[in-house]
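Input: a single structure, listed below in C-alpha cells.
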Amino acid sequence: MAEVEETLKRIQTHKGVIGTMVVNAEGIPIRTTLDNSTTVQYAGLLHQLTMKARSTVRDIDPQNDLTFLRIRSKKHEIMVAPDKEYLLIVIQNPCE
Amino acid sequence: MEIVYVYIKKRSEFGKQCNFSDRQAELNIDIAPNPELAEQFVERNPVDTGIQCSTSMSEHEANTERFEMETRGVNHIEGGWPKDVNPLELEQTIRFRKKVEKDESYINAITQLGSIMEHCIKQNNAIDIYQEYFDDEDPVEVTEEAPSAKTINVFRDPQEIKRPATHLSWHPDGNRKLAVAYSCLDFQRAPEGMSHDSYIWDLENPNRPEIVLKPSSPLVTLEYNPKDSHVLLGGCYNGQIACWDTRKGSLVAELSTIEFSHRDPVYGTIWLQSKTGTECFSASTDGQVMWWDIRKMSEPTEVVIMDITKKEQLENALGAISLEFESTLPTKFMVGTEQGIVISCNRKAKTSAEKIVCTFAGHHGPIYALQRNPFYPKNFLTVGDWTARIWSEDSRESSIMWTKYHMAYLTDGAWSPVRPAVFFTTKMDGTLDIWDFVFKHCDPALSLKVCDEALFCLRVQDNGGFIACGSKLGTATLLEVSHGLCTLQRNEKNIASSIFERETRREKILEARHREMRLKEKGKAEGKDDDLREEETAVNLEELVAKAEEEFFNVIFAELKKRETEALKKSKPKQPSLEIDQDQEQDQEVEGEDEGEEERDDEETPA
Chain A
1 MAEVEETLKR IQTHKGVIGT MVVNAEGIPI RTTLDNSTTV QYAGLLHQLT
51 MKARSTVRDI DPQNDLTFLR IRSKKHEIMV APDKEYLLIV IQNPCE
Chain B
1 MEIVYVYIKK RSEFGKQCNF SDRQAELNID IAPNPELAEQ FVERNPVDTG
51 IQCSTSMSEH EANTERFEME TRGVNHIEGG WPKDVNPLEL EQTIRFRKKV
101 EKDESYINAI TQLGSIMEHC IKQNNAIDIY QEYFDDEDPV EVTEEAPSAK
151 TINVFRDPQE IKRPATHLSW HPDGNRKLAV AYSCLDFQRA PEGMSHDSYI
201 WDLENPNRPE IVLKPSSPLV TLEYNPKDSH VLLGGCYNGQ IACWDTRKGS
251 LVAELSTIEF SHRDPVYGTI WLQSKTGTEC FSASTDGQVM WWDIRKMSEP
301 TEVVIMDITK KEQLENALGA ISLEFESTLP TKFMVGTEQG IVISCNRKAK
351 TSAEKIVCTF AGHHGPIYAL QRNPFYPKNF LTVGDWTARI WSEDSRESSI
401 MWTKYHMAYL TDGAWSPVRP AVFFTTKMDG TLDIWDFVFK HCDPALSLKV
451 CDEALFCLRV QDNGGFIACG SKLGTATLLE VSHGLCTLQR NEKNIASSIF
501 ERETRREKIL EARHREMRLK EKGKAEGKDD DLREEETAVN LEELVAKAEE
551 EFFNVIFAEL KKRETEALKK SKPKQPSLEI DQDQEQDQEV EGEDEGEEER
601 DDEETPA
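Chain order of the listed sequences is A and B. FYI, UniProt numbering numbers position 61 of the first sequence as 61, with every residue one higher than the one before it. FYI, UniProt numbering numbers position 275 of the second sequence as 275, with every residue one higher than the one before it.
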C-alpha cells in the first residue's frame, strides 16, 4: 500500500508530468490527479486504443504482447502502461 | 408487293373461344432401326468423356432494402461502476476505491507498471527523441529521382492521308489547348487530296480536335496571340499570312494578299508586344522578313531583306527558316537562315542597311530552331544539322557551347522556361533529348524515344512541366517531365550564368589567338614573291584537298571499325585477351581520330 503511494507520488513529481491516473478495466478511476470528467474521458478512449494496439501486436505475432503505448502529440505525450486489470496513464510535457 | 399467304377468317369467328377436344393417339410415323446402317459404325471402347467433379452451384442475386448506417460515438461521463455503487454518492465511491486499493493484485500491478512508466518519463526528460537536427540548414532539394518523362496523351491526325505536324503552339491562358499546324514540307510532293486543315486540340479529349482551322493552303506555322487567346496567326505554305478568330469560326478571318506576301512557305511567325496586340512579323525562305498589322492584312507594314552584304538585293538574300523575338528586347530580333547563319537585326535602325547588325555562322545546314535563354537573353540556342549550339552575343566567331554530332538530324529545340540550364531537342529518329548542362555536358540528361517516325517540332509549356512534340505522321505527343527537371534547382541560376561566362571568355581568348595567327600569316605571305605565292597556293590547295579527303575517309573507317569491335565485344563478353587487344586497338584508333579531327580543324581555319 505504501509502495503504491510512493510510486505514484514519485511519478507525479517528475519533471514535465501533467497528470497521473490509474483506471480499472471498467473505466473507473481508482487514483487520479486530474478532474473526474477528464479522467473518465481518457480512460474510455485509451482503454479501447490499448485493446486495439494489443490485438494488433498479438495478431502479428501471437507470442508477443504489448508492454507500453506512447502517443506523442503536439502539446504533450500520453503514456499508457497496460495491465490485465488496470491502466496506468501519465500525461507528460516533454521538455524541449 | 407479292401476296405470300392469305389467311381468311370470318368476322363472326373472331374472338370465339377455342373448343379443344380429346382424341386418341395416332401413330404418324414409325421408323425402325436399320441394321445396315450399323455397318458404317465401329464400336468405340473405351470412351473418353470429361466430367467435372465439383459442387454444382447456382448464382442468385438479391437486392436487399437499403439499410442506413450511421457511425456514432458515446461519450461517457462516468465510468462503469458496479451495480451496488451509486456514482453520485461520494461515500460509496470512496469506499469502492479503498477496497480496490487494498487488493494485492492492484499493488503488484501498480508497482510494476510504475517502474516501466518511470523509465519512459526519464527517457523523455533526458532527450527529445523528435528533435529536429540540422534545422538551420535549408532543406536540401536533392532530387534523387532520375530525370524521367512520360507520355500523357497522344493526339493523332484524324485525316487518312497523314501529314507531318510542323508547328505547335500552347494556348496562352491555362495551357489547356494545343494548336497544331499540319503541312507537307516536301517540295511538291504533297499527296493528292491532302487536307489543308489544322487543328486545335483540347488536352482532355485526344479523340477529336476541338476546333478545325480551314486555310486555303496548308499551314506551316501557327501561333496563339499571347494577349488574346482567341486569335491565332498562321503562316501558309504558299507564303500568305492568315489570321483566325476562334469565336468567329474555322474559316480565315484575315488573309494577306498574295501579291504582297512571301514567295515561299512562311516558316516563322511571331506576335509582337504592342499596345494594340495586333502586330506580328513573319519570315520565309524567300529572304524577306515582313511586319504585319492584322487589322490591315493587305500589305505588310515593313519589309526587311536578309541580305548580309547589306546591299538589299533579293538575289543575295538568305532564306529565313526560323525567327526569334524576345519581348524583353523589343527592338532586336534574330533570324536563322537556311545557309546556317544566324542574323541578328535591329528593328529600329534608321537605314535599311543598318537593320542587319551582325551574323553568327556555325551550322552546316538550316537552322531549325533559334531561341534566347529566358533567363540570360544574351545567350541563345540554335538547333540545326546534327548539333545544337549555344551562342553568346559577344562571341561572334563561334558558338560557346555545342553538343557532339549526333547520328540523326536535329529538327527542333527549345529552352525550358523554368530552368536556365535545361533545353530540349528533337531528332529525326524520333527521340527527344533533354539536356541539362549543369548536370552533364557531353550527353543529354535524358533521351527518350517518343515515336518511330521523325519528330518535327517541339513546344514546352510555360510551366516547364509539359512538352508537346509533333511527328512526321501528324501525331502530337504530350509528355510530362519529372519534377526535378521543371523546378529550379538551388543555385542553378548562378551556376548557369558562370558556365556561360566561362565559355564566352574561352571563346574570346580563342578568337584573339586566331586573329593573332591570321595577322602573322598575312605578314609572312606578304613578304614572299607574288608568283611563287600563287603557285604554292595552287599546289597547296590540291594537296590540301587530297589530304583532307584521305583523312576524312580514314576517320570514317576508323569510326566504323570501332563500332564493329564494340558490337563484337558486347556479344562476346568472356574473352578477356581479345578484349585487351581490342581496347588497345580502340585507343589507337581514338587517338588517330582525334589527330585527324584536329588537323582538319586547323586546315579549315586558315582557309
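We treat Cβ as the ideally placed atom computed from N, Cα and C, and that holds for glycine. For clarity, every value in this text was computed on a predicted model and none was experimentally measured.
* Segment contact, 8 Å Cβ cut-off, at least three pairs: the segment 119 to 131 of chain B with the segment 84 to 96 of chain A -> yes
* Asked: Residues of chain A with CB under 7 Å from aspartate 436 of chain B, in chain order?
  -> Ordered by position in chain A, no residue passes the 7 Å Cβ test against aspartate 436 of chain B, which lies about 41 Å from the chain.
* For a contact meaning CB atoms closer than 8 Å, what does arginine 10 of chain A contact in chain B? -> Gly114, Glu118
* What are the boundary residues of the beta strand (DSSP E) that isoleucine 356 of chain B is part of? -> 356 to 361
* **Span separating the alpha-carbon of methionine 407 of chain B from that of alanine 369 of chain B** => 18 Å
* To do: For alanine 181 of chain B, return the contacting residues in chain A, with the cut-off set at a CB-CB distance below 8 Å.
  => Simply none; closest approach about 57 Å.
* Between the segment 91 to 109 of chain B and the segment 50 to 57 of chain A, do at least 3 Cβ pairs fall closer than 8 Å? -> no
* Asked: Which value, in whole angstroms, describes the spacing of the CA atoms of threonine 411 of chain B and lysine 449 of chain B?
  -> 14 Å
* **Euclidean distance between Cα positions of alanine 253 of chain B and alanine 349 of chain B** => 32 Å
* Taking the runs of the beta strand (DSSP E) that are 3 residues or longer, which of them lie wholly in the segment 314 to 346 of chain B? -> 320 to 325, 332 to 337, 341 to 346
* Since residue 612 of chain B is in the beta strand (DSSP E), which residue starts that stretch and which ends it? -> Since the first and last residues shown for chain B are 1 and 607, residue 612 of chain B lies out of range.
* Asked: Between proline 62 of chain A and chain B, is there a C-beta pair that is closer than 8 Å?
  -> no
* To do: Taking methionine 51 of chain A as the query, report the chain B residues whose CB atoms sit under 9 Å from its CB, ordered along the chain.
  => By Cβ distance, chain B contributes nothing, its closest Cβ being about 15 Å from methionine 51 of chain A, past 9 Å.
* Chain-ordered neighbours of tyrosine 42 of chain A on chain B, where CB pairs are closer than 7 Å -> Within 7 Å Cβ-Cβ: nothing; tyrosine 42 of chain A doesn't reach chain B, min ~11 Å.
* By DSSP, does glycine 249 of chain B sit in helix, in strand, or in coil? -> coil
* To do: Please report how far the alpha carbon of lysine 296 of chain B lies from the alpha carbon of leucine 219 of chain B, in whole angstroms.
  => 20 Å
* **Per DSSP, the bridge partner or partners of aspartate 30 of chain B** => Partner(s): none; aspartate 30 of chain B has no beta bridge.
* To do: Identify which residue in B:Asn225, B:Gln159, B:Ala190 has its Cα closest to the Cα of serine 198 of chain B.
  => B:Gln159
* For glycine 340 of chain B and isoleucine 308 of chain B, believed in contact at Cβ under 8 Å, the rounded distance -> 12 Å between Cβ atoms; not a contact.
* Give me the Cα-Cα distance between phenylalanine 424 of chain B and glutamate 501 of chain B, rounded to the nearest whole angstrom. => 21 Å
* Asked: Candidates B:Asn153, B:Ile161, B:Pro215: which alpha carbon is nearest alanine 181 of chain B's?
  -> B:Pro215
* Exposed unless 16 or more other CB atoms sit within 10 angstroms - verdict on isoleucine 161 of chain B -> exposed
* Mind checking if arginine 54 of chain A is an interface residue toward chain B, Cβ cutoff 8 Å exclusive? -> no
* To do: Reducing DSSP to helix, strand and coil, say where alanine 25 of chain A ends up.
  => coil
* To do: Identify every run of the beta strand (DSSP E) within the segment 284 to 313 of chain B, keeping only runs that are complete inside it and at least 3 residues long; order them along the chain.
  => 288 to 293, 302 to 305
* Asked: In chain A, which residues lie with their C-beta within 7 Å of the C-beta of arginine 97 of chain B?
  -> Ile30
* **Counted within 10 angstroms of its Cβ, other Cβ atoms place cysteine 442 of chain B as buried (16 or more) or exposed** => exposed
* To do: With 8 Å as the threshold, decide whether the Cβ of glutamine 586 of chain B is near any Cβ in chain A.
  => For glutamine 586 of chain B, the predicted structure reports a pLDDT of 45, less than 50, and the residue's modelled location is therefore unreliable. The matter cannot be settled from this model.
* What are the partner residues of methionine 79 of chain A, as DSSP defines its beta bridges? -> A:Arg70, A:Val90
* Of the residues B:His196, B:His230, B:Met194, B:Ala146, which one's Cα is nearest the Cα of leucine 178 of chain B? -> B:His230
* **Contacting residues, own chain, Cβ-Cβ under 7 Å from cysteine 358 of chain B (five flanking each side not counted)** => Ser344, Arg396
* To do: Could you round the C-beta distance between glutamate 324 of chain B and glutamine 371 of chain B to whole angstroms and report it? I think they count as a contact, below 8 Å.
  => 6 Å
* To do: At 9 Å on the CB atoms, spell out the chain A contacts of asparagine 225 of chain B, in chain order.
  => The premise fails here: asparagine 225 of chain B is roughly 52 Å from chain A at the closest Cβ pair, so nothing lies under 9 Å.
* Asked: Are the beta-carbon atoms of phenylalanine 155 of chain B and proline 206 of chain B separated by less than 8 Å?
  -> yes
* To do: Please state if the CB of serine 416 of chain B and the CB of valine 383 of chain B are separated by a distance shorter than 8 Å.
  => no
* List in chain order: all unbroken alpha helix (DSSP H) runs of 4+ residues lying wholly within the segment 438 to 490 of chain B. => none
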